[in-house]
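Novice: The structure is given below, and queries will be raised subsequently.
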Amino acid sequence: MSHSHPGYADDKAAVLKRLARIEGQVRGINRMVEADTYCIDVLTQISATTKALEAVALKLLDEHLAHCVADAAAKGGPEADQKIKEASDAIARLVRS
């Protein structure tokens, strides 16, 4: 992701804000485990946190595809092949997880 793209700063701020909330969720899970909270409560919170992380990952992947990969593909050459392979590998990891 490059700072030269319109809207990137706003998107980056939103992603960072979401990651801070996810970090709070993880701290909450940690406290629940330390307090021996009912297992279902912990699992529910883990599920919500996992979904939030997946949403952030998809947002970052979308930005990468829209900017980095598209720009490299438009220029062609070895960099395009590398960026397309990186994106393909990232998508494969998301699908497997």
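For the record, in the sequence shown the residue sitting at position 40 is 40 according to UniProt numbering, with numbers rising by one throughout.
Where is the CB? At the ideal position from N, CA and C, for every residue including glycine.
Keep in mind it's a predicted model, so treat the numbers as computed, not measured.
Would alanine 74 be called buried (16 or more neighbouring beta carbons within 10 Å of its own) or exposed?
Specialist: To locate residue 74, count along the sequence shown from 1; it is residue 74. With fewer than 16 Cβ atoms within 10 Å of its Cβ, alanine 74 is classed as exposed.
Novice: I'd like the list of long-range same chain contacts for lysine 59, defined as Cβ closer than 7 Å, with 5 residues on each side in sequence excluded.
Specialist: As a working mapping, residue 59 is identified with position 59 in the sequence shown. Cβ within range, chain order: Val15.
Novice: Return the CA-CA distance between isoleucine 84 and aspartate 62, expressed in angstroms with no decimal places.
Specialist: Mapped onto the sequence shown, residue 84 falls at position 84. Mapped onto the sequence shown, residue 62 falls at position 62. Looking at the two C-alpha atoms, the distance is approximately 13 Å.
Novice: Could you check the C-alpha separation between glycine 77 and alanine 92 for me, to the nearest Å?
Specialist: The residue given as residue 77 occupies position 77 in the sequence shown. The residue given as residue 92 occupies position 92 in the sequence shown. Between glycine 77 and alanine 92, the C-alpha separation is close to 23 Å.
Novice: Here's the rule: buried if 16 or more other CB atoms are within 10 angstroms of the residue's CB, otherwise exposed. What is valine 95?
Specialist: Here the question's residue 95 lines up with position 95 in the sequence shown. The residue is exposed, with fewer than 16 neighbouring Cβ atoms inside 10 Å.
Novice: For the alpha helix (DSSP H) that contains cysteine 39, what are its first and last residues?
Specialist: Against the sequence shown, residue 39 aligns to sequence position 39. Cysteine 39 -> alpha helix (DSSP H) spans 39-63.
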